[in-house]
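J.: Input: one structure, supplied below.
Chains as they are written, first to last, in the numbering used here: chain A, 54 to 416; chain B, 23 to 149.
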């Protein structure tokens, strides 16, 4: 794994006996104690994730708002200073280049958090688009930040004693500059686990990452959690993963992300989405729960009741907290009604399943 | 490395068999369960099915992976550990005990000469 990038916590993970795997060009911990135990720790107490591989782009200047508004599908007029929103970069066909979080840090300063595997692609896209905009300075600061996520019902209680301000004042999807254990950080109430208000993401300088990690992991309520649990948690919460539910050939309308799309036009991909809206969708993302025993997995075929292939599973897993076997996948809209019975092809068996409401799990 | 029971024989796919008379009880090794992580699902044959040495006789699924179970011996399945249907994690907890998978009536006892003893298997997983 010599050619892989390492987060500032790499040594800490090795010392904690993490199992390390390559992910998006980085050497990352996939599990410590075990995926199921880590998943349950997040649902019952708190799990601490190193997600420093994520990328961060900064947009600064009088023209920043105009550029970010054009680059992202959600409406940044809706976010004041200190707020964030889920959004997407779209191509001209309305397909997803990446799904992102946009934070407004100041009157004319925005920070966009992008997926690790897409940093290079996104950065090229941003630079290309930025050429046509004035009075904005765009910086790829991905190498300057470490990012830790503390997720679970005990997260706020763990952070409060070492925070220099009252965390209960920080609302969902709000970001604030505070001190943790005397170290300056940006903290946002968000996450990728379905924990809602029980989740925090902490941006630190590279050199402070180990100190913050140590301060948090010292709590008996905090377990280290790896990318394995992060994946089962996000599937349980019906959250899309770029590369599985989202890609350049899939629009946010197909992925059921309509509420994150600006009603105004004037962003990249808007015309294509408008046309798709008018023409109707050919595929739509559905939530599937197994009736028969079997674990649906990425790539397995989705069958209608007559056994015809109607789509594919994009993500599937056994859900440790819900204790069900669940999947997400794309099917034609006429097969997407809640309650529809269908089947998943698992090793030559057509195993019964049904479409259930989204999300599978909500805090 | 935890102790490897001396009374078992092993194939290179990390499956073990305990030979008692003309029957063999099969499972996966402690090393294998550790590598797989949390076992969440098993697909096993039924009594009366025939399994063949070196071929898949079932499926073992961890949270993130799907793997074949490779029969260490050939024979007719005479018993299946139905406890694993509701509690696949037994394979993690007691790979050499309650986490056994199937019992077969050996069709060719001489096949055991292709298997490793505990000492040889310990050498394989120490590499």
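For each residue, glycine too, the CB sits at the ideal point set by N, CA and C.
1. At which residues does the beta strand (DSSP E) containing residue 110 of chain A begin and terminate?
2. Classify residue 192 of chain A as buried or exposed, calling it buried when 16 or more other Cβ atoms lie within 10 Å of its own Cβ.
3. In the stretch 345 to 374 of chain A, which residues sit with their C-beta less than 9 Å from some C-beta in chain B, listed in chain order?
4. Give me, in chain order, the residues of the same chain whose beta-carbon lies closer than 6 Å to that of residue 165 of chain A; leave out the 5 immediate sequence neighbours on both sides.
5. Return the first residue and the last residue of the beta strand (DSSP E) that residue 239 of chain A is part of.
6. With the cut-off set at 8 Å, would you say residue 208 of chain A and residue 251 of chain A are in Cβ contact?
7. Comparing the C-beta of residue 37 of chain B with each C-beta of chain A, is any distance below 8 Å?
8. Taking 8 Å as the threshold (beta carbon to beta carbon), is residue 73 of chain B in contact with chain A?
9. Would you mind telling me which residues of chain B sit closer than 8 Å to residue 281 of chain A, beta carbon to beta carbon, in chain order?
10. Straight-line CA distance for residue 241 of chain A to residue 59 of chain A?
11. So, at 6 Å on beta carbons, what are the nonlocal neighbours of residue 249 of chain A in its own chain, with the 5 sequence-adjacent residues on each side left out?
12. Excluding five sequence neighbours on each side, which residues of the same chain lie with their C-beta closer than 8 Å to the C-beta of residue 161 of chain A?
13. Is the CB-CB distance between residue 64 of chain B and residue 82 of chain B below 8 Å?
14. Would you report the Cα separation of residue 362 of chain A and residue 158 of chain A, rounded to the nearest angstrom?
15. Quick check: is the beta carbon of residue 62 of chain B nearer than 8 Å to any beta carbon in chain A?
16. For residue 133 of chain A, which of helix, strand or coil comes out of DSSP?
17. Quick check on DSSP: helix, strand or coil for residue 41 of chain B?
18. I'd like to know whether the C-beta of residue 330 of chain A is nearer than 8 Å to at least one C-beta of chain B.
19. Give a yes or no on contact between the stretch 381 to 399 of chain A and the stretch 27 to 47 of chain B, applying the rule of three or more CB pairs nearer than 8 Å.
20. So, for residue 343 of chain A: in the same chain, excluding its five sequence neighbours on each side, which residues have a beta-carbon less than 6 Å away from its beta-carbon?
21. Mind checking whether residue 84 of chain A and residue 281 of chain A have CB atoms under 8 Å apart?
22. Could you spell out the range, first to last residue, of the alpha helix (DSSP H) harbouring residue 172 of chain A?
23. Between residue 227 of chain A and residue 309 of chain A, how many whole angstroms is the CB-CB distance? I'm expecting something under 8 Å.
24. Determine which residues of the stretch 76 to 110 of chain A have a Cβ less than 9 Å from any Cβ of chain B, and write them out in chain order.
25. In the stretch 260 to 293 of chain A, which residues sit with their C-beta less than 7 Å from some C-beta in chain B, listed in chain order?
26. What is the rounded straight-line gap between the Cα of residue 148 of chain A and the Cα of residue 386 of chain A?
27. Between residue 52 of chain B and residue 72 of chain A, what straight-line distance do the alpha-carbon atoms span, to the nearest angstrom?
28. Measuring CB to CB, does residue 125 of chain B end up less than 8 Å from residue 45 of chain B?
29. Mind checking the stretch 99 to 129 of chain B against chain A and listing, in chain order, the residues whose C-beta falls within less than 7 Å of any C-beta there?
30. Which term fits residue 136 of chain B, buried or exposed, when burial requires 16 or more other beta carbons within 10 angstroms of its beta carbon?
31. For residue 287 of chain A, which residues from the same chain have a beta carbon less than 6 Å from its beta carbon, with the 5 sequence-adjacent residues on both sides left out?
32. Any C-beta of chain B within less than 8 Å: which residues of the stretch 394 to 411 of chain A qualify?
33. Check residue 201 of chain A in the structure and name its three-state DSSP category.
34. Is it buried or exposed for residue 375 of chain A, if we count other Cβ within 10 angstroms and need 16 for buried?
35. Would the stretch 290 to 307 of chain A and the stretch 316 to 334 of chain A be scored as touching if the rule is three or more Cβ pairs under 8 Å?
36. Starting from the Cα of residue 299 of chain A, find the closest Cα among A:366, A:81, A:182, A:138 and give me that residue.
T.: With the given structure in hand:
1. Position 57 of the first chain, counting from 1, holds the residue named residue 110 of chain A. Note, residue 110 of chain A: beta strand (DSSP E), 108 to 113.
2. Indexing the first chain from 1 puts residue 192 of chain A at position 139. A residue is called buried when at least 16 other Cβ atoms come within 10 angstroms of its Cβ; residue 192 of chain A does not meet this threshold and is exposed.
3. 346, 347, 348, 350, 370, 371, 373
4. In the first chain, counting from the first residue as 1, residue 165 of chain A sits at position 112. So the list reads 110, 153, 155, once near-sequence residues are dropped.
5. Numbered from its first residue, the first chain carries residue 239 of chain A at position 186. Here the beta strand (DSSP E) through residue 239 of chain A covers 236 to 241.
6. Position 155 of the first chain, counting from 1, holds the residue named residue 208 of chain A. Position 198 of the first chain, counting from 1, holds the residue named residue 251 of chain A. Yes, the pair counts as a contact, with Cβ atoms nearer than the cut-off.
7. Residue mapping note: residue 37 of chain B aligns to position 15 of the second chain, counting from 1. No, residue 37 of chain B does not count as interfacial toward chain A.
8. Your numbering for residue 73 of chain B matches position 51 in the second chain. No, residue 73 of chain B lies away from the interface with chain A (no Cβ there is under 8 Å from its Cβ).
9. Walking along the first chain from the start, residue 281 of chain A turns up at place 228. Those are 59, 85, 86, listed as they occur along chain B.
10. Within the first chain, residue 241 of chain A is the residue found at index 188, counting from 1. Within the first chain, residue 59 of chain A is the residue found at index 6, counting from 1. C-alpha separation (whole angstroms): 24 Å.
11. Taking the first chain and counting its residues from 1, one reaches residue 249 of chain A at position 196. So the qualifying residues of the chain are 416.
12. Within the first chain, the letter at position 108 stands for residue 161 of chain A. When the five nearest sequence neighbours on each side are left out, the beta carbons in the same chain lying within less than 8 Å of the beta carbon of residue 161 of chain A are those of 113, 114, 115, 117, 118, in order along the chain.
13. Walking along the second chain from the start, residue 64 of chain B turns up at place 42. Walking along the second chain from the start, residue 82 of chain B turns up at place 60. Yes; because the gap between Cβ atoms is below 8 Å, this pair is in contact.
14. To locate residue 362 of chain A, count along the first chain from 1; it is residue 309. To locate residue 158 of chain A, count along the first chain from 1; it is residue 105. Taking the straight line from one Cα to the other gives about 47 Å.
15. For the purposes of this step, residue 62 of chain B is identified with residue 40 of the second chain, where counting begins at 1. By this cut-off, residue 62 of chain B is an interface position.
16. By one-based count along the first chain, residue 133 of chain A stands at place 80. Of the three classes helix, strand and coil, the one that applies to residue 133 of chain A here is coil, per DSSP.
17. Here residue 41 of chain B refers to the residue found at position 19 when the second chain is read from its first residue. Residue 41 of chain B falls in the strand class under three-state DSSP.
18. Working through the first chain from its first residue, we reach residue 330 of chain A at position 277. For residue 330 of chain A, the answer is no, since every Cβ of chain B falls outside 8 Å of its Cβ.
19. no
20. Position 290 of the first chain, counted from the start, is the residue given in the question as residue 343 of chain A. Taken in chain order, the residues that qualify are 378, 406.
21. Residue numbering aside, residue 84 of chain A sits at position 31 when the first chain is read from its first letter. Residue numbering aside, residue 281 of chain A sits at position 228 when the first chain is read from its first letter. Yes, these two residues count as a Cβ contact at 8 Å.
22. The residue labelled residue 172 of chain A in the question sits at position 119 within the first chain. Residue 172 of chain A -> alpha helix (DSSP H) spans 172 to 183.
23. As a position in the first chain, residue 227 of chain A is number 174, starting the count at 1. As a position in the first chain, residue 309 of chain A is number 256, starting the count at 1. Going by Cβ atoms, the distance from residue 227 of chain A to residue 309 of chain A rounds to 25 Å, so no, they are not a contact pair.
24. Listed in sequence order: 83, 84, 87, 88, 89, 90, 92.
25. If you check each beta-carbon in the stretch 260 to 293 of chain A against every beta-carbon of chain B, the ones closer than 7 Å belong to 281, 285.
26. Position 95 of the first chain holds residue 148 of chain A. Position 333 of the first chain holds residue 386 of chain A. Computed Cα separation, rounded: 18 Å.
27. Here residue 52 of chain B corresponds to residue number 30 of the second chain, with the count starting at 1. Here residue 72 of chain A corresponds to residue number 19 of the first chain, with the count starting at 1. One C-alpha to the other measures close to 17 Å.
28. Stepping through the second chain from its first residue, residue 125 of chain B is reached at position 103. Stepping through the second chain from its first residue, residue 45 of chain B is reached at position 23. Remark: C-beta atoms of residue 125 of chain B and residue 45 of chain B approach each other more closely than 8 Å.
29. none
30. Within the second chain, the letter at position 114 stands for residue 136 of chain B. Flag for residue 136 of chain B reads exposed.
31. By 1-based counting over the first chain, the position of residue 287 of chain A is 234. Excluding positions up to five away in sequence, the list reads 245.
32. 400
33. Here residue 201 of chain A refers to the residue found at position 148 of the first chain. Under the three-state reduction of DSSP output, residue 201 of chain A falls in the strand class.
34. Indexing the first chain from 1 puts residue 375 of chain A at position 322. That one is exposed.
35. yes
36. Sequence index remark: in the first chain, residue 299 of chain A carries index 246 (1-based). Of A:366, A:81, A:182, A:138, the residue nearest in Cα terms is A:366.
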